[in-house]
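Numbering (this note's numbering), first residue to last: 40 to 189.
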Amino acid sequence: MNLNFSFYIIILIEGNTVLPELRRLVMINIRKAKKSDYMEIKKLIENYPQYLMSEIPSINRFFVALQKGNIVGCCALDIYSKRIAEVRSLAVKKGYQKLGIGTKLAEKCLSLAIEKGIKEIFVITSRPHIFSDLGFGAFQGERLALFKKL
Numbered sequence: 040m041n042l043n044f045s046f047y048i049i050i051l052i053e054g055n056t057v058l059p060e061l062r063r064l065v066m067i068n069i070r071k072a073k074k075s076d077y078m079e080i081k082k083l084i085e086n087y088p089q090y091l092m093s094e095i096p097s098i099n100r101f102f103v104a105l106q107k108g109n110i111v112g113c114c115a116l117d118i119y120s121k122r123i124a125e126v127r128s129l130a131v132k133k134g135y136q137k138l139g140i141g142t143k144l145a146e147k148c149l150s151l152a153i154e155k156g157i158k159e160i161f162v163i164t165s166r167p168h169i170f171s172d173l174g175f176g177a178f179q180g181e182r183l184a185l186f187k188k189l
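Right, here's the structure in full:
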């Protein structure tokens, strides 16, 4: 499986929710994280202490989204066994949110889990809509633990 890919986002949004330099066609590259990405990932995650755990998974578990070589998003796949894994540490830089970057990062984690033969994947999130759109659903009425059979 090719772990690197690029996609274009056409930005038509006006207002202050998107950075001015993004109000046009932008290319976002997604790739596996490198050791040299660690500090940028850590800094990005630290921007969301109310949502993300400060304990950061191993760097080799991350995918990163880049725009002009700068990390604008990250997401990790923690594999616990041959049966179950967790999508975690999904963060997208302010100004780049609501553009589909988080969804693309989560999709890369799902693709990797499928490739590795994982049977179930879960996420603990404060943003369930992102993951429900990817087929995750609540477990026994739990509000935030979402699972998906692969």
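Glycine is no exception: its CB is placed at the ideal position from the N, C-alpha and C atoms.
Only a predicted model underlies this, so the values are computations on that prediction, with no experimental measurement involved.
With 16 or more other Cβ atoms from the protein chains shown falling within 10 Å of its own Cβ, E125 counts as buried.
A straight line joining the alpha-carbon of K155 with that of A145 spans about 15 Å. DSSP places A115 inside the beta strand (DSSP E), whose first and last residues are N109 to I118. Here E125 is bridged, per DSSP, to D117 and F161.
When rounded, the separation of the alpha-carbon atoms in R127 and G134 is 21 Å. Taking the C-beta atoms as reference points, L105 is found nearer than 9 Å to R70. In the DSSP assignment, L144 falls within the unbroken alpha helix (DSSP H) covering I140 to E154.
The DSSP-derived three-state label of L105 is strand.
In the displayed model, K132 falls within coil according to three-state DSSP, outside both helix and strand. Secondary structure note for M78: its alpha helix (DSSP H) is the uninterrupted segment Y77 to E85. Rounded to the nearest whole angstrom, the CA to CA distance from S165 to K147 is 20 Å.
Taking all protein chains shown into account, I110 has 16 or more neighbouring C-beta atoms within 10 Å of its C-beta and is therefore buried. Shown here for A152: same chain residues with a beta carbon closer than 7 Å to its own, the five before and five after excluded, namely L116, A124, I160 and L189 in chain order. Residue K132 holds the alpha-carbon nearest to the alpha-carbon of E85 among F170, V162, N68 and K132. Remark: C-beta atoms of F101 and I67 do not approach each other more closely than 9 Å.
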